[in-house]
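Notes follow once the structure below has been shown.
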């Protein structure tokens, strides 16, 4: 079928639905509903789709569109749930399970007939993590089922009416406003503080006040040892800040200054850097509270990089908000990687236990820098150093384990490993073009090595998301891991143990080392880095380069408009 996706953003769920419907053989086009209803109407007139699907929509579809075409809306709530803040309420009310419902569009919000519904567990994670993983798995399954039912033409969607034979309980939940999220540091328990922080981790954050400035708090993790007066800032660690609660403390990785706070960079970035910008001469700096890479098993604290060892397999895990990797994060991860190389293992697994793998350089930190061009350059070189260390590892097998999405330099970091294991449902964007960049991270070596030159050229030219299944088919991924997000880490540990015990492991390591020597003779890694960086340097230090406008629009969440280098989601994605 010809299917048109209508979305408010080409976000992770929209990309996944695009990729998985494409895998099913459908012709899929995408139009963004960011400039009113006219672009949607124009796309429908031009493409005449068999079906319209809205994976993520903040505004209503035009009435003339849903009256003349079957339009399916993906609602992140169970059947009968209505309202704009469904996942917020699920976390706030500690729901053990939640759901996704695919509804037919009609005049009343979320009130249309039900084409499909899937439920999912609600683990104690942030809303954005939940959305990209458990909710995304359910949404993809529900959309694919609804599309099959529509194509079959014999299925009759179930009405949502209280008086029907198969009625569902209708529950309207209002917009989850800041008044509900507000934290009373003197009275609230750590459990409630964490719930509020997790329910707003990506958007909109929890509005609060620090050092006399209004800020939004993003993300929350428990701390088991540090204590202080409720609301007191206790320490920093790897860019996060620790704040005391009534009965404990929490780590907050990111802050976002309110737009009227006087901060010139009112967008999310590492919490410690925001506080540093607020602090005056009379404000003493917070102490850095460090922890070892190998934490004691009973510690309950936050750390964005950890190492553990199970027999002959080592696991270097990292989890950075939004998958972005700043200069500091790249350098700390490289130091941790070198630590892992000093451990007696034959297999080293690199990745996160769940959610993002990596999305490459940290655009928010770059945008906030005094000299964004120089910070872009510094960040990119730090990322290259990390990727090069992985490529030059020849004494063991390195596995990149992807529980979630990877893009740009983050995708190329994964490709530097000997094997790439990817959770089904993951979306990969192995390209840089949408940010107006040529790219680095040795992609000119690793991408053609896996896919061949022709496919590598197509991937970087078309700059479209691909599913984990397609990534395996074209050689980007070596193994699909068909688990839910919660089971991924345990399954990877089992697979790594089996790999470490494989009888031919030493032969494979020797073959890998020989291949690296042979490739170095054909074209040294230094030459790939030199040529890639020359292209990137020209862009970074050109004030008129499109990259700067695209980066600023992305970070500040403004429509890129004419700044986009190409328009696969403003019109069609053919």
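Residue numbers (the working numbering): 6 to 579.
Glycine included, every Cβ here is placed at the ideal spot set by N, Cα and C.
What separation, rounded to the nearest whole angstrom, lies between the Cα atoms of residue i and residue j?
i	j	result
residue 340	residue 310	10 Å
residue 71	residue 317	58 Å
residue 383	residue 69	51 Å
residue 150	residue 15	22 Å
residue 102	residue 139	10 Å
residue 541	residue 463	20 Å
residue 443	residue 225	35 Å
residue 9	residue 37	11 Å
residue 532	residue 564	37 Å
residue 290	residue 385	29 Å
residue 277	residue 232	18 Å
residue 223	residue 93	14 Å
residue 99	residue 454	47 Å
residue 81	residue 534	43 Å
residue 483	residue 423	9 Å
residue 31	residue 153	11 Å
residue 190	residue 240	17 Å
residue 520	residue 137	37 Å
residue 327	residue 364	8 Å
residue 381	residue 561	17 Å
residue 479	residue 19	22 Å
residue 180	residue 186	12 Å
residue 198	residue 254	9 Å
residue 247	residue 220	15 Å
residue 236	residue 374	29 Å
residue 508	residue 195	49 Å
residue 160	residue 465	40 Å
residue 256	residue 228	7 Å
residue 244	residue 366	16 Å
residue 433	residue 17	10 Å
residue 6	residue 306	50 Å
residue 524	residue 23	36 Å
residue 506	residue 522	26 Å
residue 401	residue 514	6 Å
residue 425	residue 116	43 Å
With DSSP as the reference, please indicate the residues paired to residue i in a beta bridge.
i	result
residue 330	366
residue 23	None; residue 23 has no bridge partner.
residue 119	108 and 163
residue 78	59 and 108
residue 96	According to DSSP, which records beta bridges pairwise, residue 96 is partnered with nothing at all.
residue 275	259
residue 133	DSSP lists no partner for residue 133.
residue 87	177
residue 124	104
residue 356	322 and 406
residue 392	In the DSSP output, where bridge partners are listed per residue, residue 392 has none listed.
residue 245	242
residue 34	9
Measuring alpha carbon to alpha carbon, tell me which of the options ends up nearest residue i.
i	options	result
residue 476	8, 55 and 21	21
residue 242	558, 197, 192 and 334	334
residue 48	470, 59, 60 and 34	34
residue 147	136, 459 and 120	120
residue 40	29, 56, 51 and 62	62
residue 86	43, 173, 58 and 97	173
residue 251	222, 245, 214 and 192	192
residue 450	467, 469 and 418	418
residue 44	481, 67 and 255	67
residue 468	490, 412 and 520	412
residue 96	203, 155 and 346	203
residue 394	472, 537, 336 and 57	336
residue 124	112, 130, 145 and 116	145
residue 26	42, 281, 58 and 217	58
residue 132	201, 505 and 166	201
residue 164	347, 73, 84 and 445	84
residue 271	245, 218 and 315	218
residue 274	53, 354, 557 and 371	371
residue 129	557, 503 and 490	490
residue 113	127, 91, 431 and 78	78
(message) Taking contact to mean 3 or more Cβ pairs, one atom from each stretch, closer than 8 Å, check whether the segment 482-501 and the segment 434-442 are in contact.
(response) no
(message) Does the contact criterion of 3 or more C-beta pairs under 8 Å hold for the segment 208-220 versus the segment 251-271?
(response) yes
(message) To test your reading of the DSSP string, which unbroken beta strand (DSSP E) runs of 3 or more residues are found completely within the segment 178-242?
(response) 211-215, 218-223, 226-228 and 238-242
(request) Count the C-beta pairs between the segment 103-119 and the segment 291-311 that are closer than 8 Å, then say yes if the count reaches three, no if not. (result) no
(message) Across the segment 352-359 and the segment 401-418, are there enough close Cβ pairs to call them in contact, namely three or more that are closer than 8 Å?
(response) yes
(request) Could you tell me which uninterrupted beta strand (DSSP E) segments, each at least 3 residues in length, are contained entirely in the segment 291-337, listed from first to last along the chain? (result) 310-315 and 318-323
(request) Report yes or no: do three or more beta-carbon pairs, one from the segment 338-354 and one from the segment 320-328, lie closer than 8 Å? (result) yes
(message) As an exercise, report each continuous beta strand (DSSP E) stretch of at least 3 residues that is fully enclosed by the segment 400-483, in chain order.
(response) 402-407, 424-428 and 432-434
(request) Could you tell me which uninterrupted beta strand (DSSP E) segments, each at least 3 residues in length, are contained entirely in the segment 506-562, listed from first to last along the chain? (result) none
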